[in-house]
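Peer 1: First the structure, which I've put down as structure tokens, then a few questions once you've had a look.
2 protein chains.
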Amino acid sequence: MDTTRYRHLSPVELRQRIRQGELSGPTAGLANGYAQANLMIVRRDLAYDFLLFCQRNPKPCPLLDVTDVGSFDPRRAAPGADIRTDFPRYRVYRNGELEQEVPDITAFWEDDMVAFLIGCSFSFEGALLANGVPVRHIEDQHNVPMYRTNIACQPAGTLRGPMVVSMRPMPADKVVRAVQVTSRFPSVHGAPVHIGDPARLGIADLAKPDFGEASQVREGEVPVFWACGVTPQAVAMQARPELVITHAPGHMFITDLRDEQLGVI
Amino acid sequence: MDTTRYRHLSPVELRQRIRQGELSGPTAGLANGYAQANLMIVRRDLAYDFLLFCQRNPKPCPLLDVTDVGSFDPRRAAPGADIRTDFPRYRVYRNGELEQEVPDITAFWEDDMVAFLIGCSFSFEGALLANGVPVRHIEDQHNVPMYRTNIACQPAGTLRGPMVVSMRPMPADKVVRAVQVTSRFPSVHGAPVHIGDPARLGIADLAKPDFGEASQVREGEVPVFWACGVTPQAVAMQARPELVITHAPGHMFITDLRDEQLGVI
């Protein structure tokens, strides 16, 4: 979908168009300067473990907002928005298996559901670009490559599993700046978790990502790895919960929070 | 108590002496450079609300660690330590009322308890001093003055209430540096919440703190206010939970985490 004519709309205007079904595609490039969020909806009986998992693993699971039990209003990230309608596309999982993709989850909403909005790398990629650090998968216009690693997340109750990372190759002389820039944004994954050697993370072949599409690491470039928001979904699904709802990949929630507001300094 | 001969012991050595009852006083000045922690123990039925309250109010409630349900091992902050014995002094509250102070809570421990370790201002005060910012209540050797404010915390479930702040007066030309220094440490309350005017926080008289002892604001000085770890205790007690255990004021837990490790950059 050509999103050019939507590029200068505000988050609230965009959410309205998404709610009405006028905008149904990926949200990359929309509302530049505003943080977008991943979604994870679980029932109350899993919410404590999930909240604790996020608390213990803030790099892969940086929380932007958690709704009250049964409430679909993300009051802190976008007051007045509706979690059930304001993502362009959702995925419904039963017992850990994808059941269907839908543009609206009003019919699936239950009174004991809790929605977790999790920070997304779009925010720190904007900061990288603004600082002269190139982002290969944006140049190549495909999804970022993601890999399962040998880094065990801190378990929480029934939830345990490996960290998933995203990889961005960059010229060696940009790596220090990339660390500095992303360190400012812990609520959108923060500083890298590793620089340089995929084997140290248990990644056998960078050309074969577990999710997304491969980015080539060119001569003189270094692969840099960040904790990825796919981690909490992957970990939660392993516990095969009866019902979980997430966003569809790339179809994010546009918050009212400016990226810069998330900077810790 | 004269703690001079304990000053150069490591956190693990200090916790051992505390556990054995050899050290039973306030922990200020011990294990310099290591983070100390406030304690809040609740039963599992209140733990979700409390964890969510901390997530929504990270300035007054920065979490250093949360134990597994029923576990007294703070695995991330001090693996192998024992939450039930390694604070010099505890307070046991029933239905929101202080029942007793004890040096050991082994007899009170229950299988559904969760312990929250909350960052403490000792860490950022060390950083202030190291940066040439004087800390009045340390010079005067009394407890920091604390005030209830008109800032409402973000409520979570049954938990709601005003933010409590601590106040440190300082020369006007040190204020910017104080903001910079404490911004680096969000997990020990982070940057100030207000600079200058107590009335804006609803504080009628700086000479009459709600907790601790007053510090004089001298000619040319500015009062600077930080979110305070007393907040979560005050808020939880309002809900009158059947059983809550905290540390006794000033009698903190000495973690294995170095203050500098808590710096976000």
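Listed in order, the protein sequences are those of chains V and D. Mapping to our numbering: the first sequence position 225 is 226, numbers consecutive. Mapping to our numbering: the second sequence position 158 is 159, numbers consecutive. Just so it is clear, CB atoms sit at the ideal spot from N, CA and C, and this is done for glycine as well. Because the structure is a prediction, the values reported are computed rather than measured.
So what does DSSP say about Asp105(V), is it helix, strand or coil?
Peer 2: Translated into positions along the first sequence, residue 105(V) becomes position 104. Correct three-state label for Asp105(V): coil.
Peer 1: Report yes if the C-beta distance between Arg16(D) and Asp87(D) is below 9 Å; otherwise report no.
Peer 2: Here residue 16(D) corresponds to residue number 15 of the second sequence, with the count starting at 1. Here residue 87(D) corresponds to residue number 86 of the second sequence, with the count starting at 1. In contact: Arg16(D) and Asp87(D) (Cβ atoms closer than 9 Å).
Peer 1: Leaving aside the five residues before and after Val218(V) along the sequence, list all residues of the same chain whose C-beta is less than 7 Å from its C-beta, in chain order.
Peer 2: Walking along the first sequence from the start, residue 218(V) turns up at place 217. So the qualifying residues of the chain are Pro170, Leu207, Pro224.
Peer 1: To the nearest angstrom, report how far apart Asp50(D) and Gly26(D) are at their CA atoms.
Peer 2: Working through the second sequence from its first residue, we reach residue 50(D) at position 49. Working through the second sequence from its first residue, we reach residue 26(D) at position 25. Cα-Cα distance, rounded: 32 Å.
Peer 1: Are the C-beta atoms of Gly49(V) and some chain D residue less than 9 Å apart?
Peer 2: The residue given as residue 49(V) occupies position 48 in the first sequence. Looking at the sequence itself, residue 49(V) is Tyr, so the reference to Gly does not match. Yes, because at least one Cβ of chain D sits closer than 9 Å to the Cβ of Tyr49(V).
Peer 1: Checking contacts by CB at 9 Å: is Leu53(V) closer than that to chain D?
Peer 2: Taking the first sequence and counting its residues from 1, the one referred to as residue 53(V) is at position 52. Yes, Leu53(V) lies at the interface with chain D (some Cβ there is under 9 Å from its Cβ).
Peer 1: In chain V, which residues lie with their C-beta within 9 Å of the C-beta of Arg77(D)?
Peer 2: Counting from one through the second sequence, the residue named residue 77(D) turns up at place 76. Per Cβ cutoff of 9 Å: Arg57, Gln155.
Peer 1: Does the distance from the C-beta atom of Pro75(D) to that of Phe226(D) stay below 9 Å?
Peer 2: By one-based count along the second sequence, residue 75(D) stands at place 74. By one-based count along the second sequence, residue 226(D) stands at place 225. No, Cβ-Cβ distance for Pro75(D) and Phe226(D) is not below 9 Å.
Peer 1: Three Cβ pairs or more, each shorter than 8 Å: is that satisfied between the segment 194-205 of chain D and the segment 245-260 of chain D?
Peer 2: Touching, no.
Peer 1: Ignoring anything shorter than 3 residues, give me the beta strand (DSSP E) runs that lie fully in the segment 140-219 of chain D, in order along the chain.
Peer 2: The qualifying runs are 147-153, 163-172.
Peer 1: Measure the C-alpha to C-alpha separation of Glu111(V) and Asn39(V) and round it to an integer number of angstroms.
Peer 2: As a working mapping, residue 111(V) is identified with position 110 in the first sequence. As a working mapping, residue 39(V) is identified with position 38 in the first sequence. Taking the straight line from one Cα to the other gives about 20 Å.
Peer 1: Please work out which residues of its chain come closer than 7 Å, Cβ to Cβ, to His252(D), disregarding the five sequence neighbours upstream and downstream, and give them in chain order.
Peer 2: Here residue 252(D) refers to the residue found at position 251 when the second sequence is read from its first residue. Excluding residues within five positions, the ones whose Cβ falls inside 7 Å are Pro27, Thr28, Phe88, Pro89, Arg90.
Peer 1: How would you call Ser72(D), buried or exposed, if buried means at least 16 neighbouring beta carbons within 10 angstroms?
Peer 2: Taking the first residue of the second sequence as 1, we reach residue 72(D) at position 71. Classification of Ser72(D): exposed, given that the 10 Å Cβ count is below 16.
Peer 1: Using a C-beta cutoff of 9 Å, does Ser124(V) count as contacting chain D?
Peer 2: The residue labelled residue 124(V) in the question sits at position 123 within the first sequence. False, the Cβ-Cβ gap to chain D never drops below 9 Å.
Peer 1: In the DSSP output, what is Ala38(D) paired with across the bridge?
Peer 2: Working through the second sequence from its first residue, we reach residue 38(D) at position 37. Ala38(D) pairs with Gly120(D), Phe254(D).
Peer 1: Strictly below 8 Å CB to CB, what residues from chain D border Leu64(V)?
Peer 2: Position 63 of the first sequence, counting from 1, holds the residue named residue 64(V). Going along chain D in sequence order, the residues near Leu64(V) (Cβ under 8 Å) are Gln56.
Peer 1: Quick check: is the beta carbon of Gly81(D) nearer than 9 Å to any beta carbon in chain V?
Peer 2: Counting from 1 along the second sequence, the entry for residue 81(D) is found at position 80. So, not an interface residue.
Peer 1: Find out if the Cβ-Cβ distance for the pair Leu130(V), Asp66(V) is shorter than 9 Å.
Peer 2: Taking the first residue of the first sequence as position 1, residue 130(V) is located at position 129. Taking the first residue of the first sequence as position 1, residue 66(V) is located at position 65. No, these two residues do not count as a Cβ contact at 9 Å.
Peer 1: What number of angstroms, rounded off, separates the C-alpha of Pro146(V) from the C-alpha of Asp105(V)?
Peer 2: Stepping through the first sequence from its first residue, residue 146(V) is reached at position 145. Stepping through the first sequence from its first residue, residue 105(V) is reached at position 104. Cα-Cα distance, rounded: 28 Å.
Peer 1: Thr232(D) bridges to which residues according to DSSP?
Peer 2: Along the second sequence, read from residue 1 onward, the residue named residue 232(D) stands at position 231. None; Thr232(D) has no bridge partner.
Peer 1: Closer than 9 Å, CB to CB, is Asp69(V) near chain D or not?
Peer 2: The residue given as residue 69(V) occupies position 68 in the first sequence. Chain D contact via Cβ: present.
Peer 1: Indicate whether Gly191(V) and Pro12(V) have their beta-carbon atoms separated by less than 9 Å.
Peer 2: Position 190 of the first sequence, counted from the start, is the residue given in the question as residue 191(V). Position 11 of the first sequence, counted from the start, is the residue given in the question as residue 12(V). Contact flag unset, no.
Peer 1: Counting along the chain, where does the beta strand (DSSP E) carrying Leu47(V) start and finish?
Peer 2: By 1-based counting over the first sequence, the position of residue 47(V) is 46. No beta strand (DSSP E) contains Leu47(V), which is instead part of the alpha helix (DSSP H) from 45-57.
Peer 1: Just by C-beta distance, which residues in the segment 177-202 of chain D are closer than 9 Å to chain V?
Peer 2: For the segment 177-202 of chain D, which is checked against every Cβ of chain V, the residues closer than 9 Å are Gln181, Ser184, Arg185, Pro187, Gly191, Ala192.
Peer 1: Please list, in chain order, the chain D residues whose beta carbon lies closer than 8 Å to that of Thr266(V).
Peer 2: Within the first sequence, residue 266(V) is the residue found at index 265, counting from 1. The amino acid occupying residue 266(V) in the given sequence is Ile; Thr does not appear at that position. Ordered by position in chain D, the residues that pass the 8 Å Cβ test against Ile266(V) are Gln181, Ser184, Arg185, Val265, Ile266.
Peer 1: When you compare each of Phe109(D), Ile152(D), Val177(D) to Arg161(D) by their alpha carbons, which one comes out closest?
Peer 2: Taking the first residue of the second sequence as position 1, residue 161(D) is located at position 160. Checking every option, the nearest Cα to that of Arg161(D) belongs to Ile152(D).
Peer 1: Can you confirm whether Gly120(V), when its beta carbon is compared against all beta carbons of chain D, has any partner nearer than 9 Å?
Peer 2: Within the first sequence, the letter at position 119 stands for residue 120(V). Output row for Gly120(V): interface = no.
Peer 1: Compute the Euclidean distance between the alpha carbons of Glu102(D) and Ala249(D), then round it to the nearest angstrom.
Peer 2: For the purposes of this step, residue 102(D) is taken as the residue at position 101 of the second sequence. For the purposes of this step, residue 249(D) is taken as the residue at position 248 of the second sequence. Using only the alpha carbons, I get a separation of about 7 Å.
Peer 1: In its own chain, which residues sit with a C-beta less than 7 Å from the C-beta of Pro135(D), not counting the 5 before and 5 after it?
Peer 2: As a first step, residue 135(D) is located in the second sequence; it is residue number 134 there, counting from the start. Contacts found: Met171.
Peer 1: Going by C-alpha distance, which of Pro187(V), Ala108(V), Val166(V), Val189(V) is nearest Ile196(V)?
Peer 2: Position 195 of the first sequence, counting from 1, holds the residue named residue 196(V). Ranking Pro187(V), Ala108(V), Val166(V), Val189(V) by Cα distance to Ile196(V) puts Val166(V) first.
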